[in-house]
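Accompanying notes for the structure given below.
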Amino acid sequence: MAQDLTMKQEQIGSLKEQLSDLENELQRKEGEVMRIHMKFSVLVTQISSFRTTLQTQRTALNDFKVTIQEKYRDMMAEQHSKVVSNIALTCEKFAQEKGDLEESLRKVKCIKRGW
Numbered sequence: 038m039a040q041d042l043t044m045k046q047e048q049i050g051s052l053k054e055q056l057s058d059l060e061n062e063l064q065r066k067e068g069e070v071m072r073i074h075m076k077f078s079v080l081v082t083q084i085s086s087f088r089t090t091l092q093t094q095r096t097a098l099n100d101f102k103v104t105i106q107e108k109y110r111d112m113m114a115e116q117h118s119k120v121v122s123n124i125a126l127t128c129e130k131f132a133q134e135k136g137d138l139e140e141s142l143r144k145v146k147c148i149k150r151g152w
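Have a look at this one:
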């Protein structure tokens with residue numbers, strides 16, 4: 038009976054030691070979980086910030102694209118207008134020179150005929 042009592046006390050001591058070890062392990066794991074949770078929170082914040090930055094950049098790129106398209110259209114319209122004006126001026130010069138040549142030709146014919 039004394040041996041039974043001693044054995045039971047040893048088992049209780051062993052179980053108390055195991056319980057203490059398990060409680061220490063639980064505290065360590067809880068600390069680990071808290072560190073992981075903190076890292077996860079930081080990552081979520083970084084992802085959110087990255088998403089916001091990406092959206093801002095996408096908006097800026099779209100604005101840039103629209104500006105380039107508008108400037109291209111304006112430039113093309115301006116160049117078209119310049120080409121049309123140059124062609125009109127060239128046609129006017131041609132008509133003027135043609136008229137001058139015709140006038141010169143008439144004068145030469147008149148001189149040859151003696152008028």
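Under this note's numbering, the first residue of the sequence shown carries the number 38, and numbering increases by one thereafter. A virtual CB, placed ideally from N, CA and C, is assigned to each residue, including glycine. Computed from a predicted structure; not experimentally measured.
(request) Report the rounded CA-to-CA distance for E129 versus K135, giving the unit in angstroms. (result) 10 angstroms
(request) Give the straight-line distance between the Cα atoms of L138 and I148, rounded to the nearest whole angstrom. (result) 15 angstroms
(message) Once DSSP output is grouped into helix, strand and coil, what is the label at M38?
(response) coil
(message) Measuring straight from C-alpha to C-alpha, what distance separates R143 and K119?
(response) 36 angstroms
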